[in-house]
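Taken in sequence, the protein lines are chains A and B. Heads up: the first sequence at position 113 corresponds to 499 in the numbering used here, and the numbers run straight through without jumps. Heads up: the second sequence at position 393 corresponds to 580 in the numbering used here, and the numbers run straight through without jumps. For glycine and all other residues, C-beta sits at the position ideal for the given N, C-alpha and C. Just so you know, these numbers come straight off a predicted model, no measurement behind them. What follows is one structure encoded as structure tokens, with my remarks underneath.
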Amino acid sequence: MISTASGTILEVADQIGQSLASLPDWEERFGAIMETGKLLAPFPEEHRRDDLLIKGCQSRVWLHAQMVDGRIHFDADSDALIVKGLVALVIRIMQDRTPQEILEAPKDIPERLGLAQHLSQNRSSGLTSMLKQIRLYAVALSLRTSS
Amino acid sequence: MRSEFPILSRRVHGGKPLVYLDNAATTQKPSVVIDAISEFYRHHNANVHRAGHVLGAEVTSMFEDARRVVAESIGATAEEIIFTRGTTESLNLLASTLSARFTGGNARRNVVITEMEHHANIVPWQMLRERTGAELRVIPVLDDGSLDMARAEELIDESTGVVSVVHVSNTLGTTNEVARLAELARRVGAVSIVDAAQSVSSAEVDVAAIGCDALVFSGHKVYGPMGIGVAFIRRELLDTLPPYQGGGSMITSVSFEKTTYAEGPLRFEAGTPNIEGAIGLGTALAWRNALDMRAVVAHKQDLTDRLVGGLQRRDGVNVHGRHQGHSGIVSFSLGGVHPQDLGLLLDAHGVAVRTGHHCTMPLTQRYSSNGSIRVSAAVYSSVDEVEMFFSALDRACAVLR
């Protein structure tokens with residue numbers, strides 16, 4: 387089971403990284419990642435639009451962001467189970483943060499999760515693309531609020 | 188044979204033996220090839236065709252020897268072998284230098300390709316279409332993964348300028364009737380081109396037997412180095428083609444008023460070539476030529492049959508096409524399972540396969556909208572590896588379904 391502890395972006399990422407590292411092999415890790423994906427909140431069907439697809443993923447990943455009380459709330463889904471689990475992990479780290487918290491977060495989240503070597507270099511898994519898209523949403527939503 | 192390939196003894200993901208079944212993407216290299224490249228830089232390095240010194244003479248002779256080995260390997264002469272960066276550059280070279288056939292008085296009006304072409308044999312012709320207005324005609328693929336040859340006969344007509352077809356499909360493993368297609372092209376005076384990227388590694392490829400005007404392949408898919416490839420162009424055709432890129436080596440004299448171009452393959456080899464690549468490729472083909480090709484074909488037929496048979500016995504597996512022959516290439520999809528998930532779980536077991544669209548999007552989407560899983564065996568692949576693939580596949584399916 388992957389950590390569900392709360393805290394700062396850094397703390398949550400490190401806790402998830404530690405729980406992944408404690409698993410014996412990649413089959414177990416992918417299993418745990420897929421379990422996390424199953425816990426993701428159901429994706430609102432009205433957001434299943436091509437313009438919400440993240441570019442750079444072999445599978446389709448939808449990511450929707452909206453500002454709720456000054457914090458960004460994400461909804462996501464994917465047609466591939468492991469990638470759905472990855473986006474669920476990323477959301478667990480980034481959910482309901484302020485744009486500033488997201489923009490100030492460290493850029494080495496894939497490394498902290500222990501997934502950099504196996505996944506983020508591989509363009510197809512899209513972990514890097516997901517994090518980039520989240521930062522873009524943070525920029526866009528913070529501009530919208532400040533204007 | 189496996190001991191000749193150092194990488195095959197690697198272990199990955201904390202001690203799992205590497206099961207490399209992505210040979211259609213690139214093959215591994217035997218020690219003789221790795222040593223030839225290392226030897227080149229340790230003892231010979233110099234530029235070709237220019238230097239008057241001992242190293243330059245040695246390297247020029249090694250480079251031209253490599254050209255001869257390439258020629259002999261496919262039944263051509265050395266004057267018909269152009270070194271390129273790979274299949275992709277070879278096809279771009281042909282599409283570029285054949286442009287003139289589609290403009291002017293006696294212009295041909297279409298290029299015929301097939302639905303199973305790699306993007307490298309689609310996009311250069313689309314670029315030619317943009318330059319010249321030529322039409323792109325596509326021979327369809329039947330559900331069994333073979334070409335619709337009746338349709339091919341209709342599509343290749345008096346207005347066809349080029350027929351460019353893949354020998355062995357990198358996605359379906361189908362071996363196409365390239366000799367028949369070259370014959371159809373010849374009848375109407377069109378140039379025939381064969382993309383042999385997937386066939387040279389494990390089949391007799393003879394340009395005379397095929398009867399094609401041009402044939403292209405990459406070094407890295409025939410146990411040779413990356414970044415080197417071949418365009419065979421029949422001498423009578425080669426002599427009529429304009430240069431591709433300008434620069435050094437491809438000229439006989441240059442003044443600011445007029446430049447005269449070199450004859451033969453050098454006209455298409457502007458700039459310092461990939462010398463160690465050519466030498467490595469020559470070594471790789473010499474290694475391949477020393478194999479008992481009948482035994483190679485029998486071994487790859489056995490591996491292919493085991494892959495196809497094992498997949499067909501499993502529930503929910505859809506093997507794409509029915510004509511894998513001895514190509515070692517088998518693509519499939521699995522009901523309810525995303526190829527990417529399966530690829531990542533197989534990798535967790537040390538099994539390397541390819542997932543996605545395999546640079547043949549029009550073809551892959553026809554069989555499965557989110558891509559496919561491709562398993563591809565080489566001459567050094569083993570029955571054990573096929574078994575390990577299936578056991579990893581079964582474990583992955585248990586997790587995913």
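Exposure label - residue i; buried when at least 16 CB within 10 Å
i: residue 441 of chain B; result: exposed
i: residue 476 of chain B; result: exposed
i: residue 232 of chain B; result: exposed
i: residue 320 of chain B; result: exposed
i: residue 443 of chain B; result: exposed
i: residue 499 of chain B; result: exposed
i: residue 445 of chain B; result: exposed
i: residue 244 of chain B; result: exposed
i: residue 341 of chain B; result: exposed
i: residue 254 of chain B; result: buried
i: residue 291 of chain B; result: exposed
i: residue 447 of chain A; result: buried
i: residue 460 of chain B; result: buried
i: residue 188 of chain B; result: exposed
i: residue 503 of chain A; result: exposed
Same chain, Cβ closer than 7 Å to residue i, five either side skipped, listed in chain order
i: residue 325 of chain B; result: 300, 301 and 302
i: residue 276 of chain B; result: 416
i: residue 545 of chain B; result: 357, 358, 551 and 561
i: residue 198 of chain B; result: 204 and 205
i: residue 368 of chain B; result: 339, 350, 352 and 379
i: residue 419 of chain A; result: 468, 471, 472 and 475
Inter-residue spacing [alpha-carbon to alpha-carbon] between residue i and residue j
i: residue 433 of chain A; j: residue 441 of chain A; result: 16 Å
i: residue 240 of chain B; j: residue 338 of chain B; result: 58 Å
i: residue 576 of chain B; j: residue 289 of chain B; result: 48 Å
i: residue 427 of chain A; j: residue 330 of chain B; result: 40 Å
i: residue 503 of chain B; j: residue 474 of chain B; result: 41 Å
i: residue 548 of chain B; j: residue 391 of chain A; result: 43 Å
i: residue 456 of chain B; j: residue 237 of chain B; result: 14 Å
i: residue 451 of chain B; j: residue 349 of chain B; result: 21 Å
i: residue 499 of chain A; j: residue 219 of chain B; result: 41 Å
i: residue 193 of chain B; j: residue 410 of chain A; result: 28 Å
i: residue 294 of chain B; j: residue 315 of chain B; result: 13 Å
i: residue 305 of chain B; j: residue 491 of chain B; result: 21 Å
i: residue 195 of chain B; j: residue 404 of chain A; result: 32 Å
i: residue 594 of chain B; j: residue 531 of chain B; result: It is not possible to answer for residue 594 of chain B, since the shown part of chain B is limited to 188 through 588.
i: residue 419 of chain B; j: residue 411 of chain B; result: 17 Å
i: residue 334 of chain B; j: residue 328 of chain B; result: 5 Å
i: residue 522 of chain B; j: residue 444 of chain A; result: 18 Å
i: residue 496 of chain A; j: residue 583 of chain B; result: 24 Å
i: residue 225 of chain B; j: residue 467 of chain B; result: 10 Å
i: residue 260 of chain B; j: residue 527 of chain B; result: 38 Å
i: residue 286 of chain B; j: residue 266 of chain B; result: 22 Å
i: residue 451 of chain A; j: residue 424 of chain A; result: 20 Å
i: residue 501 of chain A; j: residue 400 of chain B; result: 49 Å
Beta-carbon proximity check, residue i vs residue j, cutoff 7 Å
i: residue 390 of chain B; j: residue 404 of chain B; result: no
i: residue 435 of chain B; j: residue 458 of chain B; result: yes
i: residue 262 of chain B; j: residue 395 of chain B; result: yes
i: residue 513 of chain A; j: residue 505 of chain A; result: yes
i: residue 308 of chain B; j: residue 382 of chain B; result: yes
i: residue 407 of chain B; j: residue 213 of chain B; result: yes
i: residue 518 of chain B; j: residue 559 of chain B; result: yes
i: residue 422 of chain A; j: residue 475 of chain A; result: yes
i: residue 529 of chain B; j: residue 256 of chain B; result: no
i: residue 492 of chain A; j: residue 528 of chain A; result: no
i: residue 223 of chain B; j: residue 470 of chain B; result: yes
i: residue 397 of chain B; j: residue 366 of chain B; result: yes
i: residue 585 of chain B; j: residue 533 of chain B; result: no
i: residue 541 of chain B; j: residue 209 of chain B; result: yes
Close Cβ partners of residue i (< 6 Å) along its chain, the five nearest in sequence each way excluded
i: residue 493 of chain B; result: 573
i: residue 184 of chain B; result: This structure cannot settle anything about residue 184 of chain B, because the visible part of chain B is limited to 188 through 588.
i: residue 355 of chain B; result: 362, 385, 386 and 514
i: residue 269 of chain B; result: 418, 452 and 455
i: residue 520 of chain B; result: 505, 555 and 559
i: residue 428 of chain B; result: 284
i: residue 543 of chain B; result: 558
Contact test: residue i Cβ vs the ligand ZN heavy atom, cutoff 6 Å
i: residue 308 of chain B; result: Ligands in the displayed structure: none, and consequently the ligand ZN is not present.
Same chain, Cβ closer than 8 Å to residue i, neighbours up to 5 away in sequence not counted
i: residue 480 of chain A; result: 395, 458, 460, 488, 491 and 520
i: residue 228 of chain B; result: 463
Proximal chain D residues relative to residue i, where beta-carbon distance stays under 7 Å
i: residue 301 of chain B; result: In the structure shown, chain D cannot be found, because the protein chains are A and B.
Check whether the segment 389 to 407 of chain A touches the segment 561 to 569 of chain B, counting contact only when three or more Cβ pairs, one atom from each stretch, lie closer than 8 Å. no
Determine, using beta-carbon pairs with one atom in the segment 530 to 544 of chain B and one in the segment 199 to 216 of chain B, whether at least three such pairs fall under 8 Å. yes
Can at least three beta-carbon pairs, one atom from the segment 498 to 511 of chain B and one from the segment 359 to 367 of chain B, be found at a separation below 8 Å? yes
The segment 458 to 472 of chain A in contact with the segment 407 to 415 of chain A per 3-pair CB rule at 8 Å: no
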